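Peer 1: For the sequence shown, the working numbering assigns the number 1 to the initial residue and increments by one for each residue that follows. Think of the CB as a built atom: it goes at the ideal place given N, C-alpha and C, for glycine as much as any other residue. This one's a predicted model, so the numbers in the text were calculated from it and none came from an experiment.
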Amino acid sequence: MKITKKVFKEEMIQRLKEKYAMDISDATPQELFHVLGSVVKTYYADDWVQTWKDYLTEETKQVYYFSIEFLPGKMLKSNLLNLGILDTVRDGLTELGFSLDDIVDQEKDMALGNGGLGRLASCFMDSIASCGLPGNGNGIRYDYGLFKQRFVDGYQVELPDEWLNNGNVWEVRKESKAIDVRFGGDVYMMPLADGRLKPVYENSRLIKAVPYDTAMVGYQNDVVNTLRLWSVEIPASEESKYRSLEDRRELEDLTAVLYPDDSNERGRRIRLLQEYFFVSAGVQSIVRYFKKLNKPLTTMSQSIAIHINDTHPALCVPEMMRILLDECDLSWEQAWEITVKVMSYTNHTIMSEALEKWPIELMQDLLPRMYQIIEEIDRRFVNQYRKYYEADLIERTRIIRNGQVHMANLAIIGSHSTNGVAKLHTDLLKNVVLHDFYVIFPGRFNNKTNGIAERRWLQLSNEPLAKLLDKTIKTSWRQKPNDLHLLQNFVEDDAVLSAIEEAKYKNKVALAQYIKETTDIVVSPNAIFDVQIKRLHAYKRQLLNLLHILKLYFDIKAKPDLQMEPRVFIFGAKAAPSYSYAKAIIKTINETAQLINNDPDVKDRLKIVFLENYNVTLAERIIPAADVSEQISLASKEASGTSNMKLMLNGAVTLATLDGANIEIRDAVGKENIVIFGLTEEEVYAYYHAQNYNALGIYEDSPTIQKVLNAFIDGTIPNIQFEGQEIFDSLIKYNDEFFVLRDFDSYCLAQKRIEELYQDKRRWQQISLINIANAGKFSADHTVERYAEDIWQIEPVFAHKELTR
Ligand code: OX2
Numbered sequence: 001m002k003i004t005k006k007v008f009k010e011e012m013i014q015r016l017k018e019k020y021a022m023d024i025s026d027a028t029p030q031e032l033f034h035v036l037g038s039v040v041k042t043y044y045a046d047d048w049v050q051t052w053k054d055y056l057t058e059e060t061k062q063v064y065y066f067s068i069e070f071l072p073g074k075m076l077k078s079n080l081l082n083l084g085i086l087d088t089v090r091d092g093l094t095e096l097g098f099s100l101d102d103i104v105d106q107e108k109d110m111a112l113g114n115g116g117l118g119r120l121a122s123c124f125m126d127s128i129a130s131c132g133l134p135g136n137g138n139g140i141r142y143d144y145g146l147f148k149q150r151f152v153d154g155y156q157v158e159l160p161d162e163w164l165n166n167g168n169v170w171e172v173r174k175e176s177k178a179i180d181v182r183f184g185g186d187v188y189m190m191p192l193a194d195g196r197l198k199p200v201y202e203n204s205r206l207i208k209a210v211p212y213d214t215a216m217v218g219y220q221n222d223v224v225n226t227l228r229l230w231s232v233e234i235p236a237s238e239e240s241k242y243r244s245l246e247d248r249r250e251l252e253d254l255t256a257v258l259y260p261d262d263s264n265e266r267g268r269r270i271r272l273l274q275e276y277f278f279v280s281a282g283v284q285s286i287v288r289y290f291k292k293l294n295k296p297l298t299t300m301s302q303s304i305a306i307h308i309n310d311t312h313p314a315l316c317v318p319e320m321m322r323i324l325l326d327e328c329d330l331s332w333e334q335a336w337e338i339t340v341k342v343m344s345y346t347n348h349t350i351m352s353e354a355l356e357k358w359p360i361e362l363m364q365d366l367l368p369r370m371y372q373i374i375e376e377i378d379r380r381f382v383n384q385y386r387k388y389y390e391a392d393l394i395e396r397t398r399i400i401r402n403g404q405v406h407m408a409n410l411a412i413i414g415s416h417s418t419n420g421v422a423k424l425h426t427d428l429l430k431n432v433v434l435h436d437f438y439v440i441f442p443g444r445f446n447n448k449t450n451g452i453a454e455r456r457w458l459q460l461s462n463e464p465l466a467k468l469l470d471k472t473i474k475t476s477w478r479q480k481p482n483d484l485h486l487l488q489n490f491v492e493d494d495a496v497l498s499a500i501e502e503a504k505y506k507n508k509v510a511l512a513q514y515i516k517e518t519t520d521i522v523v524s525p526n527a528i529f530d531v532q533i534k535r536l537h538a539y540k541r542q543l544l545n546l547l548h549i550l551k552l553y554f555d556i557k558a559k560p561d562l563q564m565e566p567r568v569f570i571f572g573a574k575a576a577p578s579y580s581y582a583k584a585i586i587k588t589i590n591e592t593a594q595l596i597n598n599d600p601d602v603k604d605r606l607k608i609v610f611l612e613n614y615n616v617t618l619a620e621r622i623i624p625a626a627d628v629s630e631q632i633s634l635a636s637k638e639a640s641g642t643s644n645m646k647l648m649l650n651g652a653v654t655l656a657t658l659d660g661a662n663i664e665i666r667d668a669v670g671k672e673n674i675v676i677f678g679l680t681e682e683e684v685y686a687y688y689h690a691q692n693y694n695a696l697g698i699y700e701d702s703p704t705i706q707k708v709l710n711a712f713i714d715g716t717i718p719n720i721q722f723e724g725q726e727i728f729d730s731l732i733k734y735n736d737e738f739f740v741l742r743d744f745d746s747y748c749l750a751q752k753r754i755e756e757l758y759q760d761k762r763r764w765q766q767i768s769l770i771n772i773a774n775a776g777k778f779s780a781d782h783t784v785e786r787y788a789e790d791i792w793q794i795e796p797v798f799a800h801k802e803l804t805r
């Protein structure tokens, strides 16, 4: 169907009348948003149904991406872009007297994730559909997404994210596809007449998982995949058991909130139940689908791939086993072969506190059948491999150990593929963190460097640059991000170089205005916009950034007429509510901002802006306006990073340690076009082995570091008596776990280098251009294509209809 402006406008007018009984001229932006959303839905409805039917009739192999987090942000513009009607709708609305951007603002961010892991899952959903790959998401429909962050007196305050308050236009509730999920109680195995064993459940609880489906619209290819999110309800048969409001509340809480922490597992019952809940509902519904195909279960891996995104969905392994054993009557050996072939797993971190473990008693209590199956997997694993390997290695790799169930071990043992998310990260998995597994299963390990959806992170969020690219290299980059490479031909073209700078300037003006409106801080778009945006975590070292800012401040104080390139340091970061150290850093940055922004001696050479509530939408504002991309984690700690890719795509210059995907960014742009500093991963490990890191020594030897650190405890930075001491102690008393002091000098030199480069305007523009030109490599389209080929063994479907738009 060809959607013309005329058809679109008529539809808007008509639908608004039907839904709100009013003339379109009387509609509020909120009403317009809802009507527009429902109109857009009709534009992809046929393709959605058709894609689903095609997969079924053509028996296409599909992947199901299980993730406890998805972070799509706003969907309206992305859907319009992918449907190829962004301009039609924008112009149509203008003619009706409205602005698309005002309407877009009405949409709440879908924030069902914490950070990189959840956003990666959403970039993958976009890319999977856009590459015409048959793939679906499977997750949880939390009533409340990641908390809203406010600053009160410089402290982080967390408010609930009531994203469903005005309803969610995009989702479709599919009551008829609900699934029963069972947990708790006791389970024992009853022998049947034929000698088999059947599980008998006593006192277990039954809950209903209701799916809400959201369309994942491919980029102008008529493919529409599904993101399925599950919500808990009380089944009709169980109503009588939930008499009191409290009982009901307890159950409904299961899908109420997203755990606001991506690196610490708190041993919470609800979290474990959440994991089982969406895994069980998802795997059951997949098997139900597979049965429709009427193929032998032993061929399941030819039709189905299940991806375990980090360990949270690792129960996919025992749940698939349960279904195949208990409900399909397969033998253990058959069931195991199918399960391992179907499952694959991605590891996203080497931080040990994030490697999930659950106490045996908790697992037995909440998920008794899961525990029995895990025990048997563990027993068989030990039996099978102890013949070949030393006892210690088997002990270290088994699933149940020291009273805990080790979820990464379960995921690796129960799947055919384990991948890391950047080259260095995968090497560390193979050689250090998961080395024991690599010894046993060398063929299972592989790398898949992360990627980003350039549709959202350039086409939608940076229109000035996107238009310039169209003009300079034509539009093929929109389909094939690698074609951004064509820009490289213009590296000596002064007109193009200054046009890139102009586009950046425009974005900086827009961000400066947003900063003024939201914080009342005035910043000049002529200053360097130096950006660090990511979760607040000690290993990401926002503190190192702050120490350098303080150094610059003291330089100015010591030499009031110091010549320097004006800088705006922009932060965006949420701290997990229970992570007090991260919150102390936030408070300290905010107090330092107060101090520096209001000191007349500084004369606007330095500004610190900490924007509240960093989320996908805010990232879309900040990234296009960034000059400098801070990627300064301690080498070896950041598995990949993805803001590094988004920022380079938008022409920011990367200031980085050799960590995660920064290394691959350096390789892509060349070492002259990135500023690298700090310890390498080998040097970090050398300190670990020698155990000779001495933070106090560094402090004692450096008057600059003394001056900067003393500011935390001597009242120079006001109102941080407690926080300042905590941070000071982390560095001196507890020997600086993330080697901030060791990298300080090298970081300051790198910052100096940034300043010199920036002063050479043409050089800076060239570096910016080279970064944009080489960012295509980090398109999530390529990443998912590699997953599809190497891990999932799925193939793109070709557009089943002629392209009509
Ligand atoms: C993050 C990693 O910290 C980050 O480096 C990576 O880019 C992202 O995942 C996507 O792979 N929770 N979040 C992460 O890991 C975990 C666990």
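#1: Could you check the C-alpha separation between PHE554 and CYS748 for me, to the nearest Å?
#2: When every heavy atom of the ligand OX2 is checked, does at least one fall within less than 7 angstroms of the C-beta of ASN450?
#3: Between the beta-carbon of SER130 and the beta-carbon of PHE70, is there less than 8 angstroms?
#4: Below 6 angstroms CB to CB, which residues in the same chain sit around LEU424 once its five sequence neighbours on both sides are set aside?
#5: Taking just the CA atoms, how far does ALA573 sit from ILE350?
#6: Taking only runs that begin and end inside the region 596–623, name each unbroken beta strand (DSSP E) of 3 or more residues, in chain order.
#7: From which residue to which residue does the alpha helix (DSSP H) around GLN220 run?
#8: Mind checking who ALA656 pairs with in its DSSP beta bridge?
#9: DSSP on ASN526, reduced to helix/strand/coil?
#10: Please determine, among PHE778, GLN766 and TRP52, the residue with the shortest C-alpha to C-alpha distance to ARG455.
#11: Tell me where the alpha helix (DSSP H) around HIS34 begins and ends.
#12: Select from THR298, LEU658, ASP627 and VAL491 the residue whose C-alpha is nearest the C-alpha of GLY641.
#13: So what does ARG150 bridge to, in DSSP terms?
#14: With ASN462 and ASN650 assumed to form a contact (beta carbons below 8 angstroms), what rounded beta-carbon distance in angstroms separates them?
#15: If you follow the alpha helix (DSSP H) that LYS540 is part of, which residue opens it and which one closes it?
#16: Where do the ends of the beta strand (DSSP E) carrying GLU233 lie?
#17: Would you identify the three-state DSSP class for LYS357, choosing helix, strand or coil?
#18: Ignoring anything shorter than 3 residues, give me the beta strand (DSSP E) runs that lie fully in the region 92–151, in order along the chain.
#19: Flag GLY73 as yes when its Cβ comes closer than 7 angstroms to any non-hydrogen atom of the ligand OX2, and as no otherwise.
#20: I'd like to confirm the pairing. Which residues does DSSP put opposite GLU202 in its beta bridges?
#21: Going by C-alpha to C-alpha distance, which of PHE571, ILE270 and LEU546 sits closest to THR592?
#22: Can you find the residues in the same chain that come closer than 6 angstroms, C-beta to C-beta, to ILE767, ignoring five residues on each side of it along the sequence?
#23: Do ALA178 and ALA215 come within 8 angstroms of each other at the CB atom, strictly closer than that value?
#24: What's the C-alpha gap between LYS5 and ILE13?
#25: For a test of the three-state rule: what should DSSP assign to ASP760, helix, strand or coil?
#26: Using only the heavy atoms of the ligand OX2, determine whether one of them is closer than 7 angstroms to the beta carbon of VAL421.
#27: List the DSSP bridge partners of LYS418.
#28: Could you have a look at LEU562 and say whether DSSP puts it in helix, strand or coil?
#29: Which residues share a DSSP beta bridge with GLY73?
#30: Check whether the Cβ atoms of GLU565 and TYR758 sit closer than 8 angstroms, and answer yes or no.
#31: Are the CB atoms of ASP601 and ARG567 nearer to each other than 8 angstroms?
#32: For the pair the region 774–793 and the region 704–717, tell me if three or more CB-CB distances fall below 8 angstroms.
#33: Is LEU810 buried or exposed, if buried means 16 or more other CB atoms sit within 10 Å of its CB?
#34: Pick from ILE596, GLU795, GLY660 and LEU273: whose alpha carbon is nearest that of THR716?
#35: Would THR783 pass as a contact of GLY73 if the rule is Cβ separation under 8 angstroms?
#36: Between which two residues does the alpha helix (DSSP H) containing HIS689 stretch?
Peer 2: Put simply:
#1: Each residue's Cα considered, the two are about 13 angstroms apart.
#2: yes
#3: One thing to note: SER130 has its Cβ no nearer than 8 angstroms to the Cβ of PHE70.
#4: ILE663, listed in sequence order.
#5: 21 angstroms
#6: 606–611
#7: Per DSSP, GLN220 belongs to no alpha helix (DSSP H) and is neither H nor E.
#8: GLN631 and ILE676
#9: Assignment of ASN526 by DSSP, reduced to helix, strand and coil, places it in the coil class.
#10: Of the candidates PHE778, GLN766 and TRP52, the residue whose Cα lies closest to the Cα of ARG455 is PHE778.
#11: 29–57
#12: Ranked by Cα distance from GLY641, the first of THR298, LEU658, ASP627 and VAL491 is LEU658.
#13: VAL157
#14: 6 angstroms
#15: Neither: LYS540 is in no alpha helix (DSSP H) and is coded neither H nor E.
#16: Per DSSP, GLU233 belongs to the beta strand (DSSP E) from 224–233.
#17: strand
#18: Correct list: 110–112 and 135–140.
#19: Answer for GLY73: no, Cβ out of range of the ligand OX2.
#20: ASP186
#21: That would be LEU546, whose Cα lies nearest to the Cα of THR592.
#22: VAL653 and ASN673
#23: no
#24: Going from the Cα of LYS5 to the Cα of ILE13 covers about 12 angstroms.
#25: If DSSP states are grouped into helix, strand and coil, ASP760 belongs with coil.
#26: yes
#27: In the sequence as displayed, the identity of residue 418 is Thr instead of Lys. The partner list for THR418 (beta bridge, DSSP) reads TYR345 and PHE445.
#28: Under the three-state reduction of DSSP, LEU562 is assigned to coil, being neither helix nor strand.
#29: MET110
#30: With contacts defined by Cβ atoms closer than 8 angstroms, GLU565 and TYR758 form a contacting pair.
#31: Going by C-beta atoms, ASP601 is not nearer than 8 angstroms to ARG567.
#32: Taking 8 angstroms as the limit for Cβ pairs, the verdict is that the region 704–717 does not touch the region 774–793.
#33: Lying before the first or after the last residue shown, residue 810 is absent from the chain, which here runs from 1 to 805.
#34: With distances taken between CA atoms, THR716 lies nearest to ILE596 out of ILE596, GLU795, GLY660 and LEU273.
#35: no
#36: For HIS689, the enclosing alpha helix (DSSP H) has its first and last residue at 681–690.
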